[in-house]
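Colleague: Numbering (this note's numbering), first residue to last: 41 to 178.
Here it is, the structure, as structure tokens.
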Amino acid sequence: MVTVSGRTVGRARGGMADTMARRLIRQDEMLDESLEPATTCLHRAQARAALRRLRAMSPSTRSRHEAGGHLARQLGLPLPYVIGVTQERFFGMAWSQLEMASPELRRMPVRRCELDMHVRQAERIMRQLLASRSAVCV
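Right, here's the structure in full:
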């Protein structure tokens, strides 16, 4: 939790006071750029997990080729590119390359007017994930 002053005239041009003053007049159409639709967030998390599994597999195994093919289709990228990216020394470098190359991982902003719908989607996804997790644990 952060507490700030409610002043709309501040010391720094373009700072929080300017933002609050502007939003009193008219709200921004898009929300924070780090917020994305829940379905996109789930897709991104699944792709990251698949990349981790793929990097952990022994090279030149059939299962690695199949897993690589699945991830390549999921991300809309050629299989040789995906396999090549797994050779990066660090996971973060590999993920960054996939994120930049894949049209499926492009950041999708959330419109303020669609926020309720995205919250409902996120709640539905969370219920499904929790239900599948408890089914595995039983």
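All C-beta atoms, glycine included, are put in the ideal place defined by N, C-alpha and C.
Beta-carbon separation of V108 and L94 under 8 Å?
Modeller: For the sequence presented, residue 108 should be read as Gly rather than Val. Yes, they are a contact pair.
Colleague: Shortest alpha-carbon distance to R152 belongs to which of E128, T43, D58, Q67?
Modeller: When each option's Cα is compared against that of R152, the closest is Q67.
Colleague: Three or more C-beta pairs closer than 8 Å, one from the segment 135-151 and one from the segment 162-177: is that the case here?
Modeller: With a cut-off of 8 Å, the segment 162-177 and the segment 135-151 do not count as touching, because too few Cβ pairs lie within range.
Colleague: Which of the three DSSP states is assigned to R164 in this structure?
Modeller: Helix, per DSSP.
Colleague: Can you give me the Cβ contacts of M148 inside the same chain, cut-off strictly under 7 Å, excluding the 5 residues immediately before and after it?
Modeller: Once the five neighbours on either side are set aside, the close Cβ partners of M148 are E76, P77, T80.
Colleague: Between the Cα of T43 and the Cα atoms of V49, M56, F131, which residue gives the shortest distance?
Modeller: For T43, the nearest C-alpha among the options comes from M56.
Colleague: Relative to the C-alpha of A85, which residue among E73, E106, M60, L111 is closest?
Modeller: For the residues E73, E106, M60, L111, the minimum Cα distance to A85 belongs to L111.
Colleague: Mind pulling the beta strand (DSSP E) runs of 3 or more residues that sit fully within the segment 108-137?
Modeller: If we require 3 residues or more, the segment 108-137 turns out to have no beta strand (DSSP E) run fully inside it.
Colleague: With DSSP as the reference, label T43 as helix, strand or coil.
Modeller: Reduced to three states, the DSSP call for T43 is coil.
Colleague: Assign P143 to one of three DSSP states: helix, strand, or coil.
Modeller: Correct three-state label for P143: helix.
Colleague: Where do the ends of the alpha helix (DSSP H) carrying L91 lie?
Modeller: Here the alpha helix (DSSP H) through L91 covers 78-96.
Colleague: Give the DSSP-derived three-state secondary structure of V159 in the structure shown.
Modeller: In this structure, V159 counts as helix in the three-state DSSP scheme.
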